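Colleague:
Protein chains: 2
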Amino acid sequence: MFAVTILGNNSAIPTPERHPTAQVVTFNDLLLLVDCGEGTQLQLARYKVRRSRIRHILISHLHGDHYFGLIGLINSLSLLGRIEPLTIYGPPELEEILRLQLSAAGTLLKFDLQFVALLPDKTGLLFREKDLDVSYFPTRHRIPCYGFIFHAQRHRRRVVPEQARAYEIPSAYYTRLSEGADYERKDGLLVKNDWVTLPPAPGKKYVYCADTIYDEDLVPHMQGADLVYHETTYLHELEQRAQERFHSTTVQAATLAQRAEAKRLIIGHFSSKYTELQPFLDESRPVFANTDLALEGATYII
Amino acid sequence: MFAVTILGNNSAIPTPERHPTAQVVTFNDLLLLVDCGEGTQLQLARYKVRRSRIRHILISHLHGDHYFGLIGLINSLSLLGRIEPLTIYGPPELEEILRLQLSAAGTLLKFDLQFVALLPDKTGLLFREKDLDVSYFPTRHRIPCYGFIFHAQRHRRRVVPEQARAYEIPSAYYTRLSEGADYERKDGLLVKNDWVTLPPAPGKKYVYCADTIYDEDLVPHMQGADLVYHETTYLHELEQRAQERFHSTTVQAATLAQRAEAKRLIIGHFSSKYTELQPFLDESRPVFANTDLALEGATYII
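Going down the list, the sequences are from chains A and B.
Heads up, the first sequence is in the numbering used here, so the first residue is 1 and it goes up one at a time.
Heads up, the second sequence is in the numbering used here, so the first residue is 303 and it goes up one at a time.
#1: Which residues of the stretch 370–391 of chain B have a Cβ closer than 8 Å to any Cβ of chain A? Give them in chain order.
#2: Select from B:432, B:424, B:325, B:340 the residue whose C-alpha is nearest the C-alpha of residue 505 of chain B.
#3: Count the other CB atoms, across all protein chains shown, that sit within 10 Å of the CB of residue 37 of chain A; report buried if there are 16 or more and exposed otherwise.
#4: Using a Cβ-Cβ cut-off of less than 9 Å, list which residues of the stretch 230–253 of chain A approach chain B; keep chain order.
#5: Mind checking whether residue 263 of chain A and residue 292 of chain A have CB atoms under 8 Å apart?
#6: Is there a Cβ of chain A sitting closer than 8 Å to that of residue 401 of chain B, yes or no?
#7: If you compare alpha carbons, which of A:62, A:252, A:44 is closest to residue 217 of chain A?
#8: Indicate whether at least one CB of chain B lies closer than 8 Å to the CB of residue 203 of chain A.
#9: Taking Cβ-Cβ distances below 8 Å as the criterion, which residues of the stretch 338–361 of chain B are in contact with chain A?
#10: Report yes or no: do three or more beta-carbon pairs, one from the stretch 386–398 of chain B and one from the stretch 61–74 of chain A, lie closer than 8 Å?
#11: State buried or exposed for residue 201 of chain A, treating a residue as buried only when at least 16 other CB atoms are found within 10 Å of its CB.
#12: Using 8 Å as the threshold, is the stretch 316–335 of chain B in touch with the stretch 269–284 of chain A, meaning 3 or more CB pairs across them?
#13: Does residue 142 of chain A get closer than 8 Å to chain B when you measure Cβ to Cβ?
#14: With DSSP collapsed to three states, give me the class of residue 300 of chain A.
#15: Along the alpha helix (DSSP H) that carries residue 523 of chain B, what are the first and last residues, could you check?
#16: Excluding the five sequence neighbours on either side, which residues of its own chain have a C-beta within less than 8 Å of the C-beta of residue 235 of chain A, listed in chain order?
#17: Could you name the residues of the stretch 3–18 of chain A whose beta carbon sits closer than 9 Å to any beta carbon of chain B, in the order they occur along the chain?
#18: Can you pull out the residues from the stretch 152–177 of chain A whose beta carbon lies closer than 7 Å to at least one beta carbon of chain B?
#19: How would you list, in chain order, the residues of chain A whose beta-carbon sits under 7 Å from the beta-carbon of residue 408 of chain B?
#20: Given this structure, state the Cα-to-Cα distance separating residue 419 of chain B from residue 76 of chain A, to the nearest angstrom.
#21: Pull up the distance between the alpha-carbon of residue 303 of chain B and that of residue 298 of chain A, whole angstroms please.
#22: Suppose only complete runs of 4+ residues qualify. What are the alpha helix (DSSP H) ranges in the stretch 324–369 of chain B, listed by chain order?
#23: Round the Cβ separation of residue 602 of chain B and residue 568 of chain B to the nearest angstrom and send it over; I've been treating them as touching at under 8 Å.
#24: Curious, which full-length beta strand (DSSP E) runs of at least 3 residues does the stretch 362–410 of chain B contain?
#25: Would you kindly work out how many angstroms separate the C-alpha atoms of residue 402 of chain B and residue 408 of chain B, rounded to a whole number?
#26: Pick helix, strand or coil for residue 196 of chain A, following the three-state DSSP scheme.
#27: How would you list, in chain order, the residues of chain A whose beta-carbon sits under 8 Å from the beta-carbon of residue 366 of chain B?
#28: Measuring CA to CA, which of A:45, A:28, A:70 is closest to residue 34 of chain A?
#29: Establish whether the CB of residue 95 of chain A and some CB of chain B are separated by less than 8 Å.
#30: Check whether the stretch 443–452 of chain B and the stretch 506–516 of chain B are in contact - that is, three or more C-beta pairs closer than 8 Å.
#31: Return the first residue and the last residue of the alpha helix (DSSP H) that residue 476 of chain B is part of.
#32: Mapping the DSSP letters down to three states, classify residue 454 of chain B as helix, strand or coil.
#33: What are the boundary residues of the alpha helix (DSSP H) that residue 160 of chain A is part of?
#34: For the alpha helix (DSSP H) that contains residue 541 of chain B, what are its first and last residues?
#35: For the 8 Å Cβ check, are there 3 or more pairs between the stretch 433–444 of chain B and the stretch 477–496 of chain B?
#36: Report back the beta-carbon spacing between residue 221 of chain A and residue 257 of chain A to the nearest angstrom; my notes put them in contact at under 8 Å.
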């Protein structure tokens, strides 16, 4: 299971119908929270996401609609008795903000809260856990902002049992084979690894582009992704406003997905001014057919 | 119109049904927000309270369920184009927390955001506006915490027109009379103010006791209040837990209201462990009959 669940698809001002940005990436039993606008803890409850299983939280930037719900979530995790460590990745000021709030409340967490600062001059791999690589890249926004790449890549080669048996390799050795080892038989024959294994299965890639102005420099990061999330704060007619506010339109998001040869695009971060979302699809699909709305509560398989 | 509207009546962990603490005190066209848990801006929208008219925000203490929604509200007010000044009263760390968050977001407010630090060694009047006096007092909680007294007190004496006419005082002079002035007639007679006026109408008093352990020192602050809000995080059977966590029970809140000869009590800040609220009334009313639940969306006339 490799999927993303949308918890909020609205931009800055929350409404009762649409919530600020938050997504949960699920990779088997590993949960990662991506951005955490105000009220995210209630959205997690509403969509029955098990808060306790979130191990990493990635914050793209420090506009409130992407992180004002984080301190409340941490506080609730603490009240609920969490002891498992939690790592937060975000701009460096985030740690100071959270530590100050915890200190003012006299809160002593019973779990280890670690911070990893995202810095403009250091992009690349953030962490690897259980065959999931998570890396980050800068987007162009009014303040420092980062997108994230979730790459589920099995690193083990696939043993072909018929071949392995033909060379009389004991099955107890298959794990070593999957790690790339050769096998030396008692009769002295060296069975080369690639005689009995196939390369790792191709990976799946989800790219979260956070908030951004239209930026062709994002294309290499999105290249060939199975799923891309790109913001569409505005419809096409407000391209000028999007530019001024470092946001994007439907046509711009779809254009990048098309150039990057992505397989599928989901769009969100809709301005509160819009009550109807169908026009977002109507404008995106002619440019990139496989576009869907990032709907709250919906899960998109990667 | 002097009233309080409840926006949230739950304690620490928010639930979809009950929200963290927030109340709006309305005094004619003046709105004051008292505490501001996560999601308060949505509660304001839900109950059609005009955010733009809030001029003062009082934060009792820095546990998250009393202020995590404040930065989001300020941010939205800014996005909505507010220019009217806003004053926030709260523990001193609050200013640093908010300024840090505004700075990290690159937000330049177009309105004047003022802070007044509440300090344990300085209690008393916070401000007076339009015949409303707002003062504060310490409560006993795990961290510094304050209650607030809202005292609507007309300071003008009431002119008795029949009397004033009998002394041939021109009606243009009534404003001066209401301010306490005597009137000297052309024939030399000095009409003493209290011959033609009555004392100001008696005031109305609302006392918000915030979070607190059972504390008889609160009684003088609550004395004779028309309406008291007192927390009842727990039912009576958890008195020991209430004590340990610096919270109160139903019986304790009702006991204080009774001792203070308050006219009416509303109770709230219910622990998330409770789904039914009727037992809170069943336990409070035998001690203090005029008790009601502080229900979200309900307005209580003071």
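Backbone N, C-alpha and C define an ideal beta-carbon position, used for all residues, glycine too.
Since we're looking at a predicted model, the values are computed, not measured.
Modeller: Once the coordinates are examined:
#1: 370, 371, 373, 374, 377, 378, 381, 382
#2: For the purposes of this step, residue 505 of chain B is taken as residue 203 along the second sequence, with counting starting at 1. Here the closest residue by C-alpha is B:432.
#3: Residue mapping note: residue 37 of chain A aligns to position 37 of the first sequence, counting from 1. By the neighbour-count rule (16 or more Cβ atoms within 10 Å), residue 37 of chain A is buried.
#4: Answer set for the stretch 230–253 of chain A: empty.
#5: Along the first sequence, read from residue 1 onward, the residue named residue 263 of chain A stands at position 263. Along the first sequence, read from residue 1 onward, the residue named residue 292 of chain A stands at position 292. No; because the gap between Cβ atoms is not below 8 Å, this pair is not in contact.
#6: Counting from one through the second sequence, the residue named residue 401 of chain B turns up at place 99. So, not an interface residue.
#7: One-based indexing of the first sequence puts residue 217 of chain A at position 217. Answer by Cα proximity: A:252.
#8: Start at 1 with the first residue of the first sequence, and residue 203 of chain A comes out as number 203. No, its Cβ sits nowhere closer than 8 Å to a Cβ of chain B.
#9: 340, 341, 343, 344, 347, 348
#10: no
#11: What you label residue 201 of chain A is simply residue 201 of the first sequence in a count that begins at 1. Residue 201 of chain A sits exposed, since fewer than 16 C-beta atoms from the chains shown fall within 10 Å of its C-beta.
#12: no
#13: Within the first sequence, numbered from 1, the residue matching residue 142 of chain A stands at position 142. Yes, residue 142 of chain A lies at the interface with chain B (some Cβ there is under 8 Å from its Cβ).
#14: On the first sequence, residue 300 of chain A is found 300 positions in, with the first residue counted as 1. Strand, per DSSP.
#15: What you label residue 523 of chain B is simply residue 221 of the second sequence in a count that begins at 1. Unbroken alpha helix (DSSP H) run through residue 523 of chain B: 521–524.
#16: Here the question's residue 235 of chain A lines up with position 235 in the first sequence. The beta carbon of residue 235 of chain A lies closer than 8 Å to those of 249, 250, 274, 279, 280, 283 in the same chain, with the five residues before and after it left out.
#17: Of all residues in the stretch 3–18 of chain A, only 12, 13, 14, 15, 16 come within less than 9 Å of chain B when Cβ atoms are compared, listed by chain position.
#18: none
#19: To locate residue 408 of chain B, count along the second sequence from 1; it is residue 106. Neighbours of residue 408 of chain B on chain A, chain order: 142, 143.
#20: What you label residue 419 of chain B is simply residue 117 of the second sequence in a count that begins at 1. What you label residue 76 of chain A is simply residue 76 of the first sequence in a count that begins at 1. So the two alpha carbons sit approximately 27 Å from each other.
#21: Walking along the second sequence from the start, residue 303 of chain B turns up at place 1. Walking along the first sequence from the start, residue 298 of chain A turns up at place 298. Cα to Cα, the separation comes out at about 45 Å.
#22: 342–348
#23: The residue you call residue 602 of chain B lines up with position 300 of the second sequence. The residue you call residue 568 of chain B lines up with position 266 of the second sequence. That pair is a contact at about 6 Å.
#24: 388–392
#25: As a first step, residue 402 of chain B is located in the second sequence; it is residue number 100 there, counting from the start. As a first step, residue 408 of chain B is located in the second sequence; it is residue number 106 there, counting from the start. Each residue's alpha carbon lies about 10 Å from the other.
#26: As a position in the first sequence, residue 196 of chain A is number 196, starting the count at 1. Helix at residue 196 of chain A.
#27: Taking the second sequence and counting its residues from 1, the one referred to as residue 366 of chain B is at position 64. The contacting residues are 71, 72, 75, 101, 105.
#28: Residue 34 of chain A sits at position 34 when you count from the first residue of the first sequence. For residue 34 of chain A, the nearest C-alpha among the options comes from A:70.
#29: To locate residue 95 of chain A, count along the first sequence from 1; it is residue 95. Under the 8 Å criterion on CB atoms, residue 95 of chain A is classed as non-interfacial with respect to chain B.
#30: yes
#31: Within the second sequence, numbered from 1, the residue matching residue 476 of chain B stands at position 174. Where residue 476 of chain B is concerned, the enclosing alpha helix (DSSP H) stretches over 476–480.
#32: Your numbering for residue 454 of chain B matches position 152 in the second sequence. Note: residue 454 of chain B maps to strand in three-state DSSP.
#33: The sequence position of residue 160 of chain A within the first sequence is 160, counting from 1. Element bounds for residue 160 of chain A: n/a, residue is neither H nor E.
#34: Residue 541 of chain B sits at position 239 when you count from the first residue of the second sequence. Residue 541 of chain B -> alpha helix (DSSP H) spans 541–546.
#35: no
#36: The count along the first sequence starts at 1 and reaches residue 221 of chain A at position 221. The count along the first sequence starts at 1 and reaches residue 257 of chain A at position 257. The Cβ separation is near 12 Å, so there is no contact.
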